[in-house]
Amino acid sequence: MSFAFPVRAPRLFVALAAAGAVASSFAADIKLGAAEALSGPAGQYGQSIRNGFQLAVDEINAAGGVKGNKISLQFEDEQGKKEQAIDVFKKLIFQDKVLMLFGPTLSNSAQAADPIAQGAKTVVFGTSNTADGITSIGDYVFRNSVTEADVLPETLRVASKHAGVKKVAVLYGNDDVFTKSGYDAFKKALEDLKIPVTTTETFAKGDVDFKAQLTKIKASNPDAIVLSALIAEGAPIMVQARQLGINLPFIGGNGMNSVKVFDLAKGASDNLWVGSPWSLGNQTPENQHFVVAYTQKYKAAPDQFGAQAYDALNIVAGALAKIKLTGNLETDRKALRDALPVATHTGATGAFKFRQAKTKDGKPAGYDAQQAAIVSVTKDGKYLIEK
Amino acid sequence: MLEQQLVNALSLGCVYALFALGFTLVFGVLGVINLSHGAIFMIGAYAALQVVTKLAFPLWASLLAAFVVAGAFGFAIDLLVLRPLRKRNAPHLIPMIATIGLAIAFNNASQGLFGAENLRFPSGVVPDTQLHFAGVQISVLELAIVLLSFALMAGLLFVMRRTQLGRALRAIAESPKAASLLGINVEGLFYLTSTCAAALGGVAGVLIALYSNAVFPLMGQPMLHKGIAVIILGGMGDIRGALIGGLFLGFAEVMSVAYIGSTMRDAVAFGLLFLVLLVRPQGMFGKVLERKA
Amino acid sequence: MEWFDNFWSVYSNLVLTIGINALLALSIWLTLSCGLLAMANAAFMGIGAYTASLLTMNAGAPFPVALAGGIVAPTLVALLIGGPTLRLSGVYLAMATLGFGEVVRVLILNAESLTGGALGLNGIPQSTQWWHVVLALVLVLLILWRLRRSRIGRAFEAIKEDGIAASLMGIGVMAHKMLAFALGAAIAGLAGALNAHLTFFIGPSEFGFDRGVDILTMAILGGTAGLTGPVLGALIITLLPELLRAFKDFRTMMNGAILVLIVLFLPKGLWDPLRFKQWFARAPRKPDSMPGKAA
Numbered sequence: 003m004s005f006a007f008p009v010r011a012p013r014l015f016v017a018l019a020a021a022g023a024v025a026s027s028f029a030a031d032i033k034l035g036a037a038e039a040l041s042g043p044a045g046q047y048g049q050s051i052r053n054g055f056q057l058a059v060d061e062i063n064a065a066g067g068v069k070g071n072k073i074s075l076q077f078e079d080e081q082g083k084k085e086q087a088i089d090v091f092k093k094l095i096f097q098d099k100v101l102m103l104f105g106p107t108l109s110n111s112a113q114a115a116d117p118i119a120q121g122a123k124t125v126v127f128g129t130s131n132t133a134d135g136i137t138s139i140g141d142y143v144f145r146n147s148v149t150e151a152d153v154l155p156e157t158l159r160v161a162s163k164h165a166g167v168k169k170v171a172v173l174y175g176n177d178d179v180f181t182k183s184g185y186d187a188f189k190k191a192l193e194d195l196k197i198p199v200t201t202t203e204t205f206a207k208g209d210v211d212f213k214a215q216l217t218k219i220k221a222s223n224p225d226a227i228v229l230s231a232l233i234a235e236g237a238p239i240m241v242q243a244r245q246l247g248i249n250l251p252f253i254g255g256n257g258m259n260s261v262k263v264f265d266l267a268k269g270a271s272d273n274l275w276v277g278s279p280w281s282l283g284n285q286t287p288e289n290q291h292f293v294v295a296y297t298q299k300y301k302a303a304p305d306q307f308g309a310q311a312y313d314a315l316n317i318v319a320g321a322l323a324k325i326k327l328t329g330n331l332e333t334d335r336k337a338l339r340d341a342l343p344v345a346t347h348t349g350a351t352g353a354f355k356f357r358q359a360k361t362k363d364g365k366p367a368g369y370d371a372q373q374a375a376i377v378s379v380t381k382d383g384k385y386l387i388e389k
Numbered sequence: 005m006l007e008q009q010l011v012n013a014l015s016l017g018c019v020y021a022l023f024a025l026g027f028t029l030v031f032g033v034l035g036v037i038n039l040s041h042g043a044i045f046m047i048g049a050y051a052a053l054q055v056v057t058k059l060a061f062p063l064w065a066s067l068l069a070a071f072v073v074a075g076a077f078g079f080a081i082d083l084l085v086l087r088p089l090r091k092r093n094a095p096h097l098i099p100m101i102a103t104i105g106l107a108i109a110f111n112n113a114s115q116g117l118f119g120a121e122n123l124r125f126p127s128g129v130v131p132d133t134q135l136h137f138a139g140v141q142i143s144v145l146e147l148a149i150v151l152l153s154f155a156l157m158a159g160l161l162f163v164m165r166r167t168q169l170g171r172a173l174r175a176i177a178e179s180p181k182a183a184s185l186l187g188i189n190v191e192g193l194f195y196l197t198s199t200c201a202a203a204l205g206g207v208a209g210v211l212i213a214l215y216s217n218a219v220f221p222l223m224g225q226p227m228l229h230k231g232i233a234v235i236i237l238g239g240m241g242d243i244r245g246a247l248i249g250g251l252f253l254g255f256a257e258v259m260s261v262a263y264i265g266s267t268m269r270d271a272v273a274f275g276l277l278f279l280v281l282l283v284r285p286q287g288m289f290g291k292v293l294e295r296k297a
Numbered sequence: 006m007e008w009f010d011n012f013w014s015v016y017s018n019l020v021l022t023i024g025i026n027a028l029l030a031l032s033i034w035l036t037l038s039c040g041l042l043a044m045a046n047a048a049f050m051g052i053g054a055y056t057a058s059l060l061t062m063n064a065g066a067p068f069p070v071a072l073a074g075g076i077v078a079p080t081l082v083a084l085l086i087g088g089p090t091l092r093l094s095g096v097y098l099a100m101a102t103l104g105f106g107e108v109v110r111v112l113i114l115n116a117e118s119l120t121g122g123a124l125g126l127n128g129i130p131q132s133t134q135w136w137h138v139v140l141a142l143v144l145v146l147l148i149l150w151r152l153r154r155s156r157i158g159r160a161f162e163a164i165k166e167d168g169i170a171a172s173l174m175g176i177g178v179m180a181h182k183m184l185a186f187a188l189g190a191a192i193a194g195l196a197g198a199l200n201a202h203l204t205f206f207i208g209p210s211e212f213g214f215d216r217g218v219d220i221l222t223m224a225i226l227g228g229t230a231g232l233t234g235p236v237l238g239a240l241i242i243t244l245l246p247e248l249l250r251a252f253k254d255f256r257t258m259m260n261g262a263i264l265v266l267i268v269l270f271l272p273k274g275l276w277d278p279l280r281f282k283q284w285f286a287r288a289p290r291k292p293d294s295m296p297g298k299a300a
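Here is the structure:
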């Protein structure tokens, strides 16, 4: 028992208190942003995406957060408009000072808004952008949405193997970025696989009648119809095709990968082949956990958008766990960017890792998704996985 | 293939005509381009959908519901928006702008209420049978739409040409001031026209929603654009013009898909429209003179 | 100045968009002041945007050249279609120009190799600086202000009131309408070129019916009595999504509702000098029994 003890005690006490203060300042919320189309024509996708994010955040926070810090995810509505996306990005990055942000929902908005994040050295992570020209913006741009160029060759291969497809007709929406770039990917894949095209027809968003195109397709005698469409047009197309007596298989892009097709095209929804990194029927434990949790929380089956959002948040959480947050925004943002490219994750969409893309001039840029596609065919109101 | 495409053109044309009939009626009598007609069309479809899904009523009840609900909206629009503008003698472009605002409000309200996704009528509401004859096929619903649009056109023409009511409406179309001096109840007939045109639009909404298997908040907008093209081609305000213009547009669209290439479809349709406007702006059956006060 | 730096990094896009929208609203004000409801300005904006962007990206042109291209191209198109189109009046003109707008949109959509089709043009360099927008706005306001006070401006008013009487008075009605139409197209094209070089990306769907309605709304909301109205309208319509964020899902619905309310209750728009005079004028005195006394 030294009499120096009481003298040292206050310093020790102060040191402890300081350590305690520092420690408690580290148990702060991790602020992330999500700019998605919560209203407007892309609203249904944005809402699925929001659900996926929220489910992941709630799960992570319930389990104690990332190294004790809870994630706080701030949603902003970018309405599916590029100007709104830009404004919302700026707000989240400069005003709310988020560590990184997710979104936007549409590829067009991403092309306009992602440069803002790149310029501000803040990671932007898209979960539904599939067009070209996004990850080539720079090395702060990430996405886990697998592009059609990666998925379609696999879909075509499996479908033609099972359905004996020798020649196809192609039908696509030529006024929508998603369906048009899907068509570009299909066209290239068909050329690579040397499958001849009997006729190529187009439609526009909001069309209600496809019989002119379908009649022409029927007369050209294909073995299958390759369809790049969103469900809104895709479902009526399938119904009208069956009405015209066209009983050929449909080969769809991942816009057709949604359980809504069973409702909207009831009775005509069989024999649709789709490829996607995610399938409702995929029996892996991670996917089943996600499907059950999502259905319980939102009282509806999840779709691809929700699944990719859910996985994206988990990927980021995983990367966050590996870095040390200093409280300095600039440093932390850079640390996250450096930790992400090597992140891997096995989630609802299966095994995932990043693959670096190039800028237009060939320099290394942002990061695309590297994932295997699952090909399924519809039968009796379900997606059955085929290999 | 040609015969089937002709049948396709007929049914598509009648779909457009069905929408355009209500649209042209409002212009003919009130002199207003009612750009909220698309929203009314959508409201009719949703009303019918609610009746069928929530109350499990049969098809005829849902058509009635669409007729009544859309008609009510038409009446309300006339009472609350168009009438005050009439009383103020606003230049005729102002009501058009007001209807644009209404369309935006209604479309987005329904998105907020019902969600942005596509819904559909439960299957079985309309029999799915296809009729085959002479190597072509047409579904029961399409045939119904074709017959209905011809019947409506005939009925409306009959009213316009052979009845007192029709005579009164034609007088108003010429000159509302003169008509009221003649003792015609101009305001009352304006209400009637707005209500009936909207009711027709609502019924069109249900039929086309059944035909296309899709009910969604913005469903009226593409139809509105086509409707504008139809009434310009056929002549604004003319009932025959709505049907003939509709058939013309349907024919042009289907034939350009079948024989030119589907990418050019809209270019052909709007190019034709533009040409008609330059060469004969009043359309096929329209009158050249602008209405007098 | 740190406050300003923060403000600017968050809101720079919004502020510049207000300026560009003001240009658009002024372009339609110009045609309205001549009595023309020409709904083609969204299409002209698109032509200007694409021309300028293609000049920058494909031909490597410097920014001023691209802007010039963005002004000249729609003007030429306006001169081309103006002849036959401007013979129409009232709703027919409105419909014709709407139809023209759709034709332009479809052409852009289909001229894939040039315009990128539905995928649009991406990676446009962000050349637009704040002073470009300010300069453009000031110049346009100056030109329009002088125009208003000149014989041409008075001719516009005359034509707006009664085209037949104006022509009987010796005013070249067609020539004046063409001037209004083409100048409106030039301004809209300039706005398009500036916008394209602000947002990195343009696509065909941005220049269609919806944009045309927005532009018209801005002018009508603000008031068409003078130049202040369109600028005010542009300010409000651009800020509205920000201000209405609280309404969330029903935000755009409020947009539409506000338009209806303005049309119903403020027919001349918000900026109506006559109405202001009425508010602030003294109450008229009752006529006196004394002769010779002014009221």
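For the protein sequence lines, the chains are A, B and C, in the order given.
Position 5 (the first sequence) corresponds to 7 in this note's numbering; numbering is contiguous.
Position 275 (the second sequence) corresponds to 279 in this note's numbering; numbering is contiguous.
Position 66 (the third sequence) corresponds to 71 in this note's numbering; numbering is contiguous.
Heads up, the beta-carbon is just placed ideally off N, CA and C, and yes, glycines get one too.
If you're wondering where the values come from, they're calculated on a predicted model, not measured in any experiment.
Beta-carbon spacing of residue i, residue j below 8 Å
{"i": "residue 345 (chain A)", "j": "residue 321 (chain A)", "result": "yes"}
{"i": "residue 278 (chain C)", "j": "residue 238 (chain C)", "result": "no"}
{"i": "residue 132 (chain A)", "j": "residue 273 (chain A)", "result": "no"}
{"i": "residue 278 (chain B)", "j": "residue 212 (chain C)", "result": "no"}
{"i": "residue 78 (chain A)", "j": "residue 93 (chain A)", "result": "yes"}
{"i": "residue 224 (chain A)", "j": "residue 169 (chain A)", "result": "yes"}
Where residue i falls: helix, strand or coil (DSSP)
{"i": "residue 116 (chain A)", "result": "helix"}
{"i": "residue 280 (chain B)", "result": "helix"}
{"i": "residue 167 (chain A)", "result": "coil"}
{"i": "residue 157 (chain B)", "result": "helix"}
{"i": "residue 17 (chain C)", "result": "helix"}
{"i": "residue 60 (chain B)", "result": "coil"}
{"i": "residue 223 (chain A)", "result": "coil"}
{"i": "residue 155 (chain A)", "result": "helix"}
{"i": "residue 270 (chain B)", "result": "helix"}
{"i": "residue 69 (chain C)", "result": "helix"}
{"i": "residue 390 (chain A)", "result": "An answer regarding residue 390 (chain A) cannot be provided, because it is not within the stretch 3 to 389 covered by chain A."}
{"i": "residue 126 (chain A)", "result": "strand"}
{"i": "residue 25 (chain C)", "result": "helix"}
{"i": "residue 102 (chain A)", "result": "strand"}
Residue nearest to residue i in terms of C-alpha spacing, selected from the options
{"i": "residue 144 (chain B)", "options": "B:113, B:111, B:214, B:209", "result": "B:214"}
{"i": "residue 284 (chain B)", "options": "C:203, C:90, C:71, C:56", "result": "C:90"}
{"i": "residue 42 (chain C)", "options": "C:246, C:222, C:196", "result": "C:222"}
{"i": "residue 243 (chain B)", "options": "B:13, B:10, B:28, B:259", "result": "B:28"}
{"i": "residue 80 (chain C)", "options": "C:158, C:123, C:188, C:118", "result": "C:188"}
{"i": "residue 258 (chain C)", "options": "B:107, B:96, B:25", "result": "B:107"}
Beta-carbon separation (whole angstroms), residue i vs residue j, contact threshold 8 Å
{"i": "residue 150 (chain B)", "j": "residue 66 (chain B)", "result": "No, residue 150 (chain B) and residue 66 (chain B) are not in contact; Cβ-Cβ is about 20 Å, not under 8 Å."}
{"i": "residue 218 (chain B)", "j": "residue 124 (chain B)", "result": "6 Å"}
{"i": "residue 118 (chain B)", "j": "residue 221 (chain B)", "result": "7 Å"}
{"i": "residue 96 (chain A)", "j": "residue 37 (chain A)", "result": "Incorrect: roughly 13 Å between the Cβ atoms, too far for contact."}
Within-8 Å CB hit, residue i to chain F
{"i": "residue 213 (chain A)", "result": "Going by chain labels, chain F is absent from the structure shown, which instead holds the protein chains A, B and C."}
Open item on the list: Contact between the stretch 40-51 of chain B and the stretch 235-249 of chain B is defined here as three or more beta-carbon pairs at a separation below 8 Å; is this criterion met?
Closed with: no
TODO: Please determine if the stretch 42-57 of chain C and the stretch 68-76 of chain C are in contact, where contact requires at least 3 C-beta pairs separated by less than 8 Å.
DONE: Contact between the stretch 42-57 of chain C and the stretch 68-76 of chain C is present, with at least three C-beta pairs closer than 8 Å.
Task: Inter-stretch contact (C-beta, 8 Å, three-pair minimum) for the stretch 180-187 of chain A and the stretch 150-157 of chain A - done: yes
Task: Given 8 Å, three or more beta-carbon pairs between the stretch 280-292 of chain A and the stretch 327-334 of chain A - done: no
TODO: Assess, as a yes-or-no matter, whether the stretch 131-146 of chain C is touched by the stretch 15-31 of chain C under the definition of 3 or more beta carbon pairs within less than 8 Å.
DONE: yes
Task: Given 8 Å, three or more beta-carbon pairs between the stretch 249-265 of chain A and the stretch 305-320 of chain A - done: yes
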